[in-house]
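J.: The structure's right below; bear with me while I get my questions together.
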Amino acid sequence: MNSKDLDYTNLTISEATVIQNKLRDSLTHVPLDKEIKTIAGADISLNRFSDVIYAGIVVLDFNTLKPLAYSLVKSKTSFPYVPGFLAFREVPALMEAYGQMLTKPDVIMVDGHGVAHPRRLGIAAHLGALIDVPTLGCAKKKLYGNFEEPSISKNSFSPLMSKDELLGYVVRTKNKVKPVYISPGNQLSMEDSLQIALHCTRNYRLPEPTRKAHEFVNRFRTGQLKEGFFQLEESQALF
DNA sequence: GCGACAG
DNA sequence: ATCTTGTCGC
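Residue numbering for the first sequence is 1 to 239, as defined by our numbering.
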């Protein structure tokens, strides 16, 4: 789907729910078979009380976790923040950012939940369904499900459940810090999402893709970076 | 009816 | 999400 085809303006929660249920049926969660060479982080930033959205996608080398390229887009939201419907507020801008990329990432880690959602369609799953690309969600707070606190040591994790259904994992990415919530979005298995998240974790609470995306969109919002798609010099050897 | 509630 | 200083603990 193209970024120009989505318009969530004046959508009601009822209509949004119908869209979520429909998109959910297009998801696949088969283990990823191809090698991951690049992974991107997707995030947005905005000023308080403003409807201007600064969206960004930062591509990293999957092995070194160093930024290779980034795409930044300034847009306007046409949907309020409603728990469970975050995608309708942020996905349009992310679609624009994705659309202008010249080199696409193998996997995208989105700031928010994947299938760990009331209707199994968090923003990571929503974006993954629209662009038909492997995605996973990395959220800082729980939206849905139950879990037992993982041990305080780095890399410990516990399952996020809904009844007998596994929704994702609560992962301690650093000693003695609050855990993050990992779940597959599209084209990735539950295990894939966990392994990818652990692989991308360095010495910070947030995995590198999400951490870098957050850093870039904030630099964009504060005028330190310009809108557009850019390849970093360090990436020439790989592209 | 009462809590919970991504960003 | 963003606004913000110091402060407590490892």
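Heads up, the beta-carbon is just placed ideally off N, CA and C, and yes, glycines get one too.
1. Could you tell me which residues DSSP pairs with F72 in its beta bridges?
2. Should the region 107 to 116 be regarded as contacting the region 46 to 56, the criterion being three or more beta carbon pairs within less than 8 Å?
3. Report, in whole angstroms, the separation of the C-beta atoms of R219 and L121, which I expect to be a contact under 8 Å.
4. Report the rounded CA-to-CA distance for L238 versus V58, giving the unit in angstroms.
5. For T9, is the classification buried or exposed, using 16 other Cβ atoms within 10 angstroms of its Cβ as the cut-off for buried?
6. Would you be able to state if there are at least three C-beta pairs under 8 Å between the region 159 to 176 and the region 190 to 206?
7. Among Q20, L60 and A125, which one has its Cα closest to the Cα of S71?
8. By the three-class DSSP mapping on this structure, what secondary structure does E165 have?
9. Helix, strand or coil: how does DSSP classify M190 here?
10. Is N63 helix, strand or coil when you go by DSSP?
11. In this structure, does DSSP put Y144 in helix, strand or coil?
T.: Reading off the structure:
1. According to the sequence provided, residue 72 is Leu. The question's Phe does not apply to it. In DSSP, L72 forms a bridge with G56 and G228.
2. no
3. So it is not a contact: roughly 30 Å between Cβ atoms.
4. At L238, the pLDDT of 44 sits below 50, so the modelled position is not reliable; the number obtained from the coordinates is stated separately. Near 15 Å, if we compare the C-alpha coordinates of V58 and L238.
5. exposed
6. yes
7. L60
8. strand
9. helix
10. coil
11. coil
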